[in-house]
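Enquirer: First residue of the sequence shown: 4, per our numbering; consecutive thereafter.
By construction, the Cβ of each residue, glycine as well, lies at the ideal position given by its N, Cα and C atoms.
Have a look at this one.
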Amino acid sequence: LGDDALAVAELEPLRGRSPSTPWLVMWQMDLAEALVRVGRVADAGAVLDEFVAGFDAAATGRAPGAAARVRALLVADDPDRAEAELERSEALLRDVGNVFGVARTLAVRGGLRR
4 LGDDALAVAE LEPLRGRSPS TPWLVMWQMD LAEALVRVGR VADAGAVLDE
54 FVAGFDAAAT GRAPGAAARV RALLVADDPD RAEAELERSE ALLRDVGNVF
104 GVARTLAVRG GLRR
């Protein structure tokens, strides 16, 4: 958090490696958020698509919560859609007690409202 270009440089080489448990560490969502912030929105969307392919669309918990947060960044030009994704992210993360994830979602919400 804080140096998005450095985050991209460190995380992007991990793409293409075997994602045995993508939902465990979720570096992909860190990469996607950083890619959005450095203006590489299409690349962020591709990372999100790769990530969500690793779990069921009806899944709940940390992974879908993080994915919804990234999706909000990707649709930031549509405030209603972005807010709906942030609400979903917050609810999913609160349900599993992921306070750090909730805090990140709230930070994204604050950034989008600026």
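Compare the beta carbon distance of R72 and V41 with 8 Å and say whether it is the shorter of the two.
Expert: As a working note, residue 72 is residue 69 in the sequence shown. As a working note, residue 41 is residue 38 in the sequence shown. No, they are not a contact pair.
Enquirer: Taking its Cβ as the centre, do 16 or more other Cβ atoms sit within 10 Å of R107, making it buried, or is it exposed?
Expert: Within the sequence shown, the letter at position 104 stands for residue 107. Buried, by the Cβ-count rule.
Enquirer: Going by DSSP, what residue range makes up the alpha helix (DSSP H) through M32?
Expert: Mapped onto the sequence shown, residue 32 falls at position 29. Note, M32: alpha helix (DSSP H), W30 to R40.
Enquirer: May I ask you to report which of helix, strand or coil DSSP gives R65?
Expert: Walking along the sequence shown from the start, residue 65 turns up at place 62. If DSSP states are grouped into helix, strand and coil, R65 belongs with the helices.
Enquirer: Out of G5, M29 and L38, point me to the one whose CA is closest to V11's CA.
Expert: Walking along the sequence shown from the start, residue 11 turns up at place 8. Per the Cα distances, L38.
Enquirer: Under 8 Å, with one C-beta from each stretch per pair, do the segment 41 to 52 and the segment 80 to 88 reach the 3-pair mark?
Expert: no
Enquirer: Determine the direct distance from the alpha carbon of V99 to that of A8, and round the result to whole angstroms.
Expert: Numbered from its first residue, the sequence shown carries residue 8 at position 5. Numbered from its first residue, the sequence shown carries residue 99 at position 96. Answer to the nearest angstrom: the Cα atoms are 30 Å apart.
Enquirer: Going by beta carbon distance, what residues of the same chain come within less than 8 Å of L77, once the five residues before and after it are set aside?
Expert: Position 74 of the sequence shown, counting from 1, holds the residue named residue 77. Excluding residues within five positions, the ones whose Cβ falls inside 8 Å are V39, V44, A47, G48 and L51.
Enquirer: For V55, count neighbouring C-beta atoms within 10 Å of its own C-beta (all shown protein chains included) and say buried if the count is 16 or more, exposed if not.
Expert: Within the sequence shown, residue 55 is the residue found at index 52, counting from 1. Counting Cβ neighbours within 10 Å, V55 comes out buried, since at least 16 surround it.
Enquirer: With a threshold of 8 Å on Cβ separation, who are the neighbours of W30 within its own chain once the five nearest residues in sequence on each side are excluded?
Expert: Against the sequence shown, residue 30 aligns to sequence position 27. L14 and L17, listed in sequence order.
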